[in-house]
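Chains as they are written, first to last, in my numbering: chain A, 18 to 367; chain B, 18 to 367; chain C, 18 to 367; chain D, 18 to 367.
Number of protein chains: 4
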Amino acid sequence: MSERIPAAVLGATGMVGQYFISLLANHPWFCLESVVASDRSAGRRYQDACRWLLGSEMPEQARDLTVSPLGAPLDARLVFSALPSDVAGETEIEYARRGHLVFSNAGSHRMDPLVPLMVPEVNAEHAALLRDQRRVKGWSGYIVTNPNCSAAVLVTALAPLHQAFGVRKVAVTTLQALSGAGYPGVSSLDILDNAIPYIGGEEAKLESEPLKMLGRYRDGAIEPAEFVLSAHCNRIATRDGHLECVSLTLEGAPSLEAITEILRSFRALPQELALPTAPMHPIIVREEQDRPQTRLDRDQGNGMAVSVGRIRPCPILGIKFVALGSNTMRGAAGGSMLNAELLKVRGLLT
Amino acid sequence: MSERIPAAVLGATGMVGQYFISLLANHPWFCLESVVASDRSAGRRYQDACRWLLGSEMPEQARDLTVSPLGAPLDARLVFSALPSDVAGETEIEYARRGHLVFSNAGSHRMDPLVPLMVPEVNAEHAALLRDQRRVKGWSGYIVTNPNCSAAVLVTALAPLHQAFGVRKVAVTTLQALSGAGYPGVSSLDILDNAIPYIGGEEAKLESEPLKMLGRYRDGAIEPAEFVLSAHCNRIATRDGHLECVSLTLEGAPSLEAITEILRSFRALPQELALPTAPMHPIIVREEQDRPQTRLDRDQGNGMAVSVGRIRPCPILGIKFVALGSNTMRGAAGGSMLNAELLKVRGLLT
Amino acid sequence: MSERIPAAVLGATGMVGQYFISLLANHPWFCLESVVASDRSAGRRYQDACRWLLGSEMPEQARDLTVSPLGAPLDARLVFSALPSDVAGETEIEYARRGHLVFSNAGSHRMDPLVPLMVPEVNAEHAALLRDQRRVKGWSGYIVTNPNCSAAVLVTALAPLHQAFGVRKVAVTTLQALSGAGYPGVSSLDILDNAIPYIGGEEAKLESEPLKMLGRYRDGAIEPAEFVLSAHCNRIATRDGHLECVSLTLEGAPSLEAITEILRSFRALPQELALPTAPMHPIIVREEQDRPQTRLDRDQGNGMAVSVGRIRPCPILGIKFVALGSNTMRGAAGGSMLNAELLKVRGLLT
Amino acid sequence: MSERIPAAVLGATGMVGQYFISLLANHPWFCLESVVASDRSAGRRYQDACRWLLGSEMPEQARDLTVSPLGAPLDARLVFSALPSDVAGETEIEYARRGHLVFSNAGSHRMDPLVPLMVPEVNAEHAALLRDQRRVKGWSGYIVTNPNCSAAVLVTALAPLHQAFGVRKVAVTTLQALSGAGYPGVSSLDILDNAIPYIGGEEAKLESEPLKMLGRYRDGAIEPAEFVLSAHCNRIATRDGHLECVSLTLEGAPSLEAITEILRSFRALPQELALPTAPMHPIIVREEQDRPQTRLDRDQGNGMAVSVGRIRPCPILGIKFVALGSNTMRGAAGGSMLNAELLKVRGLLT
């Protein structure tokens with residue numbers, strides 16, 4: 018790759034923004050050009066405005082960038098958004114209108130009928146919606162979203178099963194990590210020696226986003242998948258990695274062996290195209306009776322692989338298993354990055 | 018109570034044994050007379066043999082008792098068993114044969130058709146089985162068991178609903194505390210910043226014990242309840258308190274209001290009889306959207322109340338809610354103690 | 018006590034404010050009359066304005082009180098202040114000027130030469146300063162402060178040793194609990210699987226406050242004690258309880274036995290007067306080689322006792338030991354309450 | 018490196034043993050040939066005998082090796098020992114007698130006057146003792162030890178200061194990680210929401226080992242350094258990384274700037290020789306007021322760098338700072354490996 022494509026990061030000082038910056042620092046196709054954040058940070062050097070939260074050191078490229086305010090003009094056409102939902106809505110539209118290609122991790126536009134909600138292994142064909150989006154909205158740029166972190170893990174595990182058999186019902190209970198709430202997020206006093214069986218808005222997202230993603234693009238719209246989802250969402254004291262206990266009904270009641278084989282052999286477009294952020298195996302099937310475990314498996318495939326284990330019969334719905342994935346990588350910054358990589362290869366980063 | 022009934026504790030040095038000793042130290046009807054433990058501890062003073070794990074200080078009554086070996090003759094007719102399952106089976110039978118009244122927290126005899134598996138608020142009438150047990154087994158004593166900790170919490174929440182409406186299906190995912198695994202139990206290296214989606218044998222117990230408990234005593238046997246249960250069991254980094262995410266189907270699809278009212282107004286025999294260990298309300302219904310929480314609610318009713326919250330519709334099974342109870346009190350030592358109190362009032366401690 | 022003295026709590030919605038309210042709810046001498054908090058909460062009912070953080074339920078007396086804004090006129094003459102330092106300074110002066118008797122947990126006035134910095138077991142005689150304070154400042158009320166949480170634990174352990182032998186040097190390293198930082202305080206992402214060797218301003222307080230407290234009142238001023246202190250302060254993932262590793266030099270190099278006996282037999286004015294919040298033993302000496310431990314010992318004496326253990330020789334300074342106390346009780350709300358109780362008995366609550 | 022030197026690991030199934038295996042799997046000079054463990058594991062395949070605890074997957078090279086019993090004949094001359102102290106003593110001597118070159122992480126022989134206790138950055142010249150060891154003991158092999166984990170971190174930070182100025186007194190309080198206790202090690206019930214101010218034997222090691230390491234080899238013996246050390250050792254709930262609060266007296270009272278510069282510019286033989294496991298900087302000086310932190314800094318230099326921060330005056334001893342290092346890498350397996358690398362370059366692996 019002779020020349021890397023410059024990119025901006027919106028919400029650059031937050032936790033997901035830092036993951037974007039970290040991914041861009043070592044990306045073969047994209048590079049960091051601008052950082053954008055709220056007025057509190059604007060005008061300061063990134064290294065002064067940002068409390069760096071990741072284990073690695075803050076990348077050199079970012080240190081001396083001056084933080085631009087939200088809405089500031091940007092040279093980079095490619096934009097990754099880690100904005101909080103309350104400001105993402107308007108800001109992202111404004112940038113799309115000005116011709117920027119916005120890859121957003123925010124929730125604001127995910128359920129907009131003209132905005133692709135995409136996981137490249139699951140519904141790459143939804144990118145077709147971008148043409149409709151631009152036409153109808155009159156934007157020279159566009160907005161592509163990736164799902165909520167818990168939905169990203171679930172839909173990756175469901176995708177090959179839906180394709181092979183058809184999903185009918187899914188009951189899921191999550192054990193979600195602290196980083197899913199951003200920084201400072203959950204107070205240590207609320208979570209030490211505790212579990213909280215509630216995450217604001219999470220169950221609604223988890224019960225709706227997979228239906229859009231597993232739906233079909235037809236004539237300028239997504240026809241959602243027609244199965245039913247039910248979610249219990251819990252916060253527990255883990256740093257990263259959402260663990261999900263899934264019970265489901267598949268059409269035709271396939272055998273455990275058939276299900277296991279479908280999951281294990283799952284490959285999709287990002288693997289065929291060898292996209293830089295794509296894991297070799299989007300799903301890793303574990304045989305051990307006590308895996309996947311949050312700490313041991315969240316970093317599989319650089320945080321982009323979803324681990325599935327304990328595949329066994331469910332006396333009520335037919336099948337149960339445990340799925341686990343990184344909420345910060347597969348469920349956030351890595352997901353957006355993979356979307357951009359896919360559209361680049363497809364010639365749609367223009 | 019002029020004279021307190023002497024009691025022995027089997028498995029006295031373990032965590033559940035310590036809870037038994039703590040409860041007996043302040044009990045109005047029973048008092049601690051003997052402590053029994055494995056050969057490693059036998060012959061030593063209790064305070065030397067036991068690494069005391071509870072927040073309170075070791076009770077004076079226990080300190081200077083000499084630990085008896087398993088199977089040693091006991092003066093106390095009343096026996097509480099906190100033995101591990103691998104030794105509980107034979108040892109408890111031997112004591113029952115010798116005329117002791119064994120209240121066991123161990124799993125060994127729970128599913129024996131002649132052994133009551135009892136939670137006094139749920140199935141006090143199963144005590145009738147004791148007459149059959151003694152007759153058939155030819156024992157002068159008897160064995161009464163209380164359920165596995167996760168089953169104790171679940172069945173308490175289900176009991177009033179089963180009675181009022183009839184339970185048809187129950188899907189439950191648990192977030193279980195470390196103390197459920199005993200001491201030393203779970204290594205800190207296994208659980209810090211982690212969740213483990215597997216607890217050996219737990220799902221099988223949770224899928225079967227409630228059916229026996231919600232069954233009917235008829236002609237010397239328990240006819241199990243005829244609904245279906247499915248469980249996912251997880252270990253998380255909390256000290257005490259099992260949190261359970263429950264989805265269920267009730268007959269006749271009652272309203273959320275009707276369900277809430279049935280749970281809230283639930284009272285049973287232990288409350289009518291004002292048994293010493295009985296909580297005023299066996300079930301506490303929380304209105305807050307983020308309760309019950311493990312740390313905040315596990316000690317309700319001295320650990321004997323089960324807290325229920327987030328009662329809401331489930332798109333698959335009809336209803337969902339979150340239940341929480343103390344695994345060490347309602348789910349272990351307190352449950353056994355309440356069984357003994359019930360049988361005392363019923364004149365069956367003889 | 019026929020009639021209880023009404024009291025107001027400043028900063029009532031924060032964590033320390035909640036401890037004040039909890040203590041007042043069951044106090045034999047004082048009762049809660051008003052709650053005062055920042056503008057954000059003012060005008061709302063306490064139960065709506067406050068996210069209750071303690072394990073117990075919110076007291077009935079507090080639920081329906083309307084939160085008054087900072088500076089609002091108060092009927093209660095007795096005022097407990099849990100204000101953050103940045104607003105405590107002016108607000109507490111204003112209330113003292115208006116005739117209120119302010120018992121403050123804030124840091125603002127602790128080192129004011131005319132304000133007693135008091136722990137009743139340590140320096141009850143510093144109350145004499147109040148006469149000077151009122152005269153010089155011209156206030157009809159007054160301000161009494163209690164020390165920083167880590168200093169409260171340390172000074173309680175040092176007091177009997179200073180009195181018996183004279184302290185010359187103290188090197189202390191703390192392992193401090195999360196609740197010391199208030200709520201929401203420390204982000205869970207900052208402290209899970211981590212220790213932070215820095216707490217803003219803490220070392221300076223811990224190196225100066227004990228000198229004032231162990232000093233002498235003479236002619237309207239406190240002559241500070243003349244020894245030297247050095248502190249390392251660390252934050253760790255515990256809920257409550259500051260553990261302090263102390264090395265010290267005492268005059269005359271007394272034996273370990275003499276030191277142990279002085280600590281064990283320590284009683285002071287609050288014990289003689291049997292003040293309601295006073296622990297029977299202000300210091301509890303542990304013999305076990307691995308005690309005190311944070312979780313096991315922080316609630317000794319209802320959180321008002323300081324536990325000391327591992328008393329042993331230090332090859333550099335002479336003696337070393339480990340001290341532990343509750344930062345929320347002995348180190349915050351309980352400390353203020355005990356000050357007010359002492360002054361009541363002394364006839365100074367007028 | 019054309020041919021890699023085969024090595025055996027003693028105590029291969031434990032936590033430190035697993036780190037040895039992990040390091041050997043990717044080592045440019047050494048390779049894994051045999052695994053040795055207790056009788057319980059002997060005869061089984063490594064992957065069946067070992068519960069793998071590290072985040073990475075078990076290396077392919079190890080999976081199918083058959084575990085040999087302690088004392089079994091070994092082809093590999095190079096031996097890494099992660100044995101527990103109670104069996105290390107005899108076993109390591111036996112292997113040295115048979116001609117093996119034993120690099121031991123166990124405590125048994127560290128204070129033997131003829132056994133080098135080595136950290137290559139600190140006292141590489143102590144390797145001279147090996148000739149004396151072989152001669153006096155009559156062994157064809159030898160034993161080299163690395164220090165206790167907390168001593169390894171401390172001595173690395175002290176070494177350049179001792180060399181530049183001379184250390185006179187060191188008071189250290191540690192906050193040590195769970196992995197230092199091995200696996201299963203510390204029970205989760207003992208450490209959740211707790212700190213334990215005691216680690217068996219640790220303070221004695223920390224107060225003696227640095228004196229041997231900072232001593233001088235002369236005429237077949239080590240003359241220990243002549244300063245005094247005092248230690249408080251605490252266990253806290255972190256996975257890896259020992260944090261140490263250090264106060265010290267240096268000769269000549271050098272300035273903070275001089276001390277900082279000496280630490281920052283420290284390089285030693287492993288860096289000059291570019292040994293494979295050596296970090297580029299053995300000491301990393303942090304400028305931030307709240308660093309080093311356990312989680313953020315323990316993996317610096319692949320766990321082989323010691324981070325030092327908060328260098329400031331100590332009113333008692335002169336200087337204080339905070340040091341942090343990985344107990345599993347710099348303090349255990351990595352330390353042994355670096356010793357072997359050094360001796361290889363020196364031509365002493367023969």
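Backbone N, C-alpha and C fix where the C-beta goes; we use that ideal spot for every residue, glycine too.
Cβ neighbour criterion (16 or more within 10 Å) applied to residue i
i, result
"D:Pro130", "exposed"
"B:Asn356", "buried"
"C:Thr367", "exposed"
"B:Gly384", "For chain B, the structure presents residues 18 to 367; residue 384 of chain B sits outside this window and is missing."
"C:Gly269", "exposed"
"A:Ala291", "exposed"
"B:Pro227", "buried"
"B:Glu107", "exposed"
"C:Arg252", "buried"
"C:Glu20", "exposed"
"A:Leu273", "exposed"
"A:Ser196", "buried"
Distance CB(residue i)-CB(residue j) smaller than 8 Å
i, j, result
"C:Asp307", "B:Asp210", "no"
"A:Leu267", "A:Gly335", "yes"
"B:Pro133", "B:Leu118", "no"
"B:Ser205", "D:Gly199", "no"
"B:Ala99", "B:Leu40", "no"
"C:Asp316", "C:Leu341", "no"
"D:Ser167", "D:Glu219", "yes"
"B:Ala89", "B:Val33", "no"
beta-carbon residue i near the ligand HEM non-hydrogen atom, thresh 7 Å
i, result
"A:Ala145", "Ligands displayed in this structure: none; no statement on the ligand HEM is therefore possible."
Start-to-end residues for the beta strand (DSSP E) that takes in residue i
i, result
"D:Ala248", "245-252"
"A:Leu223", "No beta strand (DSSP E) holds A:Leu223; the alpha helix (DSSP H) holding it covers 219-230."
"B:Ile239", "238-240"
"B:His259", "259-267"
"C:Ser200", "The amino acid at residue 200 of chain C is misidentified as Ser; the sequence shows Tyr. Run containing C:Tyr200: none; DSSP gives neither H nor E here."
Continuous alpha helix (DSSP H) stretch holding residue i: start and end
i, result
"B:Val104", "102-114"
"D:Ile208", "205-208"
| task | Using a Cβ-Cβ cut-off of less than 7 Å, list which residues of the region 186-204 of chain D approach chain B; keep chain order. | result | Against chain B - using a Cβ distance shorter than 7 Å - the residues of the region 186-204 of chain D are Leu195, Ser196, Tyr200, Pro201, Gly202, Val203, Ser204.
| Ordered list of alpha helix (DSSP H) runs contained in the region 270-356 of chain A, each at least 4 residues | As far as the region 270-356 of chain A is concerned, its whole alpha helix (DSSP H) runs of at least 4 residues are 273-281, 286-289, 311-314.
| query | For the region 122-194 of chain A, which segments carrying the alpha helix (DSSP H) assignment without a break, of at least 4 residues, lie completely within its bounds, in sequence order? | reply | Listed in chain order, they are 137-140, 146-154, 166-181.
| Chain-ordered residues of the region 308-331 of chain C with a beta carbon less than 8 Å from chain B | Of all residues in the region 308-331 of chain C, Arg312, Leu313, Asp316 have a Cβ within less than 8 Å of some Cβ in chain B.
| task | Pick out the complete alpha helix (DSSP H) segments inside the region 28-80 of chain D, 4 residues or longer, and give them in chain order. | result | The qualifying runs are 32-42, 63-66, 77-80.
| query | Looking at chain B, which residues of the region 208-241 of chain C have a Cβ within less than 8 Å of any of its Cβ atoms? | reply | So the close ones are Leu209, Asp210.
| Chain-ordered residues of the region 249-281 of chain B with a beta carbon less than 9 Å from chain D | Only those residues of the region 249-281 of chain B whose C-beta falls short of 9 Å from the nearest C-beta of chain D are listed: Ala254, Thr255, Arg256.
| Relative to chain D, which residues along the region 58-89 of chain A have a C-beta separation below 7 Å, given in chain order? | Flagged, chain order: Gly72.
| Contact set between the region 159-177 of chain D and chain C, restricted to residues whose Cβ is under 7 Å from the partner | Here the close residues number zero.
| said: Please identify, using Cβ separations under 9 Å, the residues of the region 115-134 of chain C that lie next to chain D, in order along the chain. | reply: The residues in question: there are none.
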